[in-house]
Amino acid sequence: MTRTLGKLHEEKVFKDPVHRYIHVRDELIWRLIGTREFQRLRRIRQLGTTYLTFHGAEHSRFSHSLGVYEITRRIMNIFQERSDWNPDERMLVLCAALLHDVGHGPFSHSFEKVFQVDHEDFTRDILLGETEVNQVLRLEGEDFPEKVADVIAKTYPNKLVVSLISSQIDADRMDYLLRDAYFTGVSYGNFDIERILRVMRPTDDGVVFKSSGMHAVEDYIMSRYQMYWQVYFHPVTRGAEVILRKILHRAKELYMNGYQFEKDLSHFESIFRGKMPLDDYIRLDEGVMQYYFQIWLDEKDEILQDLCTRFLNRKLFKYTEMVPMADAYQLKELFKEAGIDPEYYLVQDSSSDLPYDFYRPGEQEERLPIQLVKPNGDIAELSRESDVVEAISGKRRTDHKLYYPLDLIEKIENVPLKNKIKEMLHRK
Amino acid sequence: MFEDHLKVVKVIKEAGEIVGRKKLQKMVYIAKKLDFPFQEKYQFHFYGPYSEELTLRIEELCNLGLIEETKEKVSGYSQYRYSLNAEGENFLEQYGKDIPKLKECVRSMNEQSSRFLELVSTILFFFHLSVDEVKTKIHTLKPKQKYTDEEIQQGYAYIEKLKEIKQ
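Chains as they are written, first to last, in this note's numbering: chain A, 59 to 486; chain B, 18 to 184.
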């Protein structure tokens with residue numbers, strides 16, 4: 059390994075509302091933060107459209123990435139005294155923590171769905187391609203970018219290293235729960251991170267937690283459970299995502315059908331054609347997307363114009379619990395009869411989460427359990443020790459919703475048709 | 018509205034019955050890598066490529082009453098069987114679209130063991146690497162499975178066979 063960068067003369071600090079300070083002493087980390095690709099994360103919100111439900115949720119992937127780095131740095135400080143930890147992996151873990159989300163695009167949940175791309179592929183491209191991030195990483199060694207990519211993709215051989223960034227209790231989740239709770243203003247995402255960090259211990263197969271810290275871990279699991287259902291899967295946020303997806307879908311369809319857009323479409327052309335070069339992807343951020351939504355307000359296409367108006371002015375769809383499959387198809391036909399295109403105005407959306415799971419041999423869920431280490435050295439799986447966690451272990455919760463524009467339905471002139479649609483939407 | 022659900026229903030229909038969640042996951046992944054039109058996003062997990070989206074899709078199909086999921090105990094652990102019920106058959110008949118050659122590929126994959134499909138899907142996950150690099154990845158990431166070089170060669174040969182079937 060050719061290590062050419064050392065420590066900064068003076069420690070740099072970022073003021074942070076969640077961790078108070080984020081400390082940078084390594085020149086490599088400092089240089090990575092300064093790259094074009096990392097700075098772009100300032101222009102991508104961490105929670106996509108959640109700001110339309112929780113107005114405080116304007117925080118960026120930049121601040122989250124710094125937060126994950128900071129938590130990992132603190133874990134490294136705790137691990138450095140331990141014989142099970144190889145200090146040579148320190149810089150690799152810190153870089154993976156900092157860069158784990160670098161490939162995220164604007165409103166990536168919707169963007170990836172519509173255009174069938176994966177931010178993890180872009181992460182890999184940014185780490186390994188001709189980018190500023192790659193140039194900086196290579197200062198640590200020619201194979202260093204590949205190693206960072208492997209840790210992020212969970213294909214790095216050292217499980218302990220991978221588990222610090224991706225497992226059921228990792229630096230990524232700990233930061234986003236605390237950060238998202240802080241910025242959304244909800245009270246249930248909090249847990250005692252200091253305590254959790256203090257009871258973490260490295261082993262060959264991943265991190266274990268001293269059993270004396272079990273209640274802090276329980277609190278983390280419950281926070282996660284609450285945040286998923288109160289914030290991440292909020293039906294209004296999902297409704298905004300539905301409209302966003304349909305805007306992108308409509309714009310692409312128009313483009314593919316040769317529709318002449320009023321204004322230049324250069325940021326989107328490559329992705330509409332099916333393949334987006336990395337440089338185009340890096341140029342696309344939420345500011346650019348919102349600009350297009352603004353100019354599409356003046357488009358002649360009524361559907362595109364209407365969807366953009368709804369998104370920008372927060373005139374979202376209403377929702378109901380999912381109707382039976384046969385009813386959904388009948389509704390589709392009724393919408394067509396009413397002149398409302400069901401492709402854009404009748405949308406099914408599902409959310410599902412498994413708050414905690416333990417390992418069951420032969421099954422596919424593939425989650426490493428959280429292990430507690432007792433004072434005598436015995437290892438016990440969390441749900442066997444904690445009644446609270448046991449109660450929600452392995453229990454997947456799912457929610458299906460059907461979204462529709464009530465305002466358009468109210469305008470249907472054929473009254474029996476209108477009533478039939480409304481009756482079907484609200485039939486339980 | 019349910020196009021992606023229909024494709025999963027079609028896989029189960031063509032297979033007749035699929036035993037094991039892992040097997041179903043790998044079959045859809047391999048089909049996706051063969052350019053069949055599946056949209057589920059996959060990540061690398063402990064048993065190779067795994068899709069949380071597919072898990073959700075299957076659960077939705079169970080909730081909607083289109084597929085049957087049967088849980089059974091097999092030597093100490095739970096195993097799941099998936100098959101289509103009458104409602105699912107009807108749904109597919111009314112709204113399903115033909116996916117050429119899917120039937121042949123699915124039937125062939127369903128005859129393989131889930132251990133072998135795990136190997137094949139892992140090879141496909143690292144398909145951009147050289148054969149030697151893929152072997153190293155498999156030996157490093159899946160030491161407990163103890164895949165031999167011969168099995169890895171069989172995995173590559175099977176991918177070629179599936180590609181021929183699809184053509």
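Note that the Cβ used here is the ideal one computed from N, Cα and C, for glycine as well. None of these values were measured; they are calculated from a predicted model.
For residue i, which three-state DSSP category applies?
i: Ser123/A; result: helix
i: Pro260/A; result: strand
i: Ser441/A; result: helix
i: Gly297/A; result: helix
i: Ile35/B; result: strand
i: Pro160/B; result: helix
i: Gln422/A; result: Interpretation of Gln422/A is limited by its pLDDT of 47, a score under 50 that renders its predicted location unreliable; no figure is taken from the coordinates.
i: Leu430/A; result: strand
i: Val446/A; result: helix
i: Ser324/A; result: helix
i: Pro66/B; result: strand
i: Asp74/A; result: strand
i: Asp356/A; result: helix
i: Met59/A; result: Note on Met59/A: pLDDT 49, under 50, position unreliable in the model; the coordinate value appears next. The answer is coil: DSSP assigns Met59/A none of H, G, I, E or B.
i: His67/A; result: strand
i: Glu27/B; result: Sequence inspection shows Lys at residue 27/B; the Glu mentioned does not correspond to that position. The answer is helix: DSSP assigns Lys27/B an H, G or I state.
Let me confirm a value: residue i is counted as buried when at least 16 other C-beta atoms fall within 10 Å, else exposed. Which label applies?
i: Val151/B; result: buried
i: Met59/A; result: Low confidence applies to Met59/A: its pLDDT is 49, below 50, so where it sits in the model is not reliable, and the reading given next is rough at best. So Met59/A counts as exposed.
i: Tyr67/B; result: buried
i: Leu185/A; result: buried
i: Leu189/B; result: Since the first and last residues shown for chain B are 18 and 184, residue 189/B lies out of range.
i: Gly106/A; result: buried
i: Val209/A; result: buried
i: Gln174/A; result: exposed
i: Val137/B; result: buried
i: Phe144/B; result: exposed
i: His273/A; result: exposed
i: Leu355/A; result: exposed
i: Pro260/A; result: buried
i: Ser225/A; result: buried
i: Pro75/A; result: exposed
i: Thr165/B; result: exposed
i: Asn135/A; result: exposed
i: Asn371/A; result: exposed
i: Ala449/A; result: exposed
i: Asn127/B; result: buried
i: Asp159/A; result: buried
i: Ile437/A; result: exposed
i: Lys459/A; result: buried
i: Met314/A; result: exposed
Locate the alpha helix (DSSP H) running through residue i, then write down its first and last residues.
i: Ile340/A; result: Leu336 to Arg341
i: Gly247/A; result: That residue, Gly247/A, is in no alpha helix (DSSP H); it is neither H nor E in DSSP.
i: Tyr402/A; result: Pro400 to Tyr403
i: Gly345/A; result: Glu344 to Ile353
i: Glu481/A; result: Val473 to Leu483
i: Glu95/A; result: Arg94 to Gln97
i: Tyr283/A; result: Met272 to Met285
i: Arg148/A; result: Arg148 to Leu157
For the beta strand (DSSP E) that contains residue i, what are its first and last residues?
i: Val82/A; result: Arg78 to Asp84
i: Tyr461/A; result: Arg455 to Tyr462
i: Tyr173/B; result: That residue, Tyr173/B, is in no beta strand (DSSP E); its alpha helix (DSSP H) goes Asp166 to Lys183.
i: Arg390/A; result: It is Lys, not Arg, that sits at residue 390/A in the sequence shown. It is not in any beta strand (DSSP E) - Lys390/A instead sits in the alpha helix (DSSP H) that spans Met383 to Glu395.
i: Glu170/A; result: Element bounds for Glu170/A: not the beta strand (DSSP E) but the alpha helix (DSSP H), Ser166 to Phe173.
i: Thr378/A; result: Lys376 to Glu379
Any heavy atom of the ligand PLP closer than 7 angstroms to the Cβ of residue i?
i: Glu190/A; result: Absent from the structure shown: the ligand PLP. Ligands present: none.
For my contact list, residue i and residue j are in at a C-beta cut-off of 8 angstroms; report their separation, rounded to the angstrom.
i: Leu255/A; j: Ile133/A; result: 6 angstroms
i: Leu430/A; j: Ser324/A; result: No, Leu430/A and Ser324/A are not in contact; Cβ-Cβ is about 55 angstroms, not under 8 angstroms.
i: Ile227/A; j: Tyr278/A; result: 6 angstroms
i: Phe375/A; j: Ile305/A; result: Not really, about 13 angstroms apart at Cβ, beyond 8 angstroms.
i: Leu158/B; j: Thr213/A; result: 6 angstroms
i: Ser95/B; j: Lys39/B; result: Not confirmed; about 12 angstroms, so no contact.
i: Lys50/B; j: Glu57/B; result: Incorrect: roughly 12 angstroms between the Cβ atoms, too far for contact.
i: Gln104/A; j: Arg237/A; result: 7 angstroms
i: Glu299/A; j: His167/A; result: 6 angstroms
i: Val25/B; j: Ile75/B; result: 7 angstroms
i: Ser410/A; j: Arg455/A; result: 7 angstroms
Tell me, please, whether the CB atom of residue i is closer than 8 angstroms to any CB atom in chain D?
i: Gln129/B; result: This model lacks chain D altogether, as its protein chains are A and B.
Q) Residue ranges of each alpha helix (DSSP H) run of no fewer than 4 residues wholly in the region 185 to 249 of chain A, ordered along the chain? A) 190 to 196, 202 to 210, 217 to 223 and 229 to 242
**Q.** Complete runs of the alpha helix (DSSP H) confined to the region 87 to 158 of chain B [at least 4 residues]
**A.** 103 to 112, 119 to 127, 131 to 142 and 148 to 158
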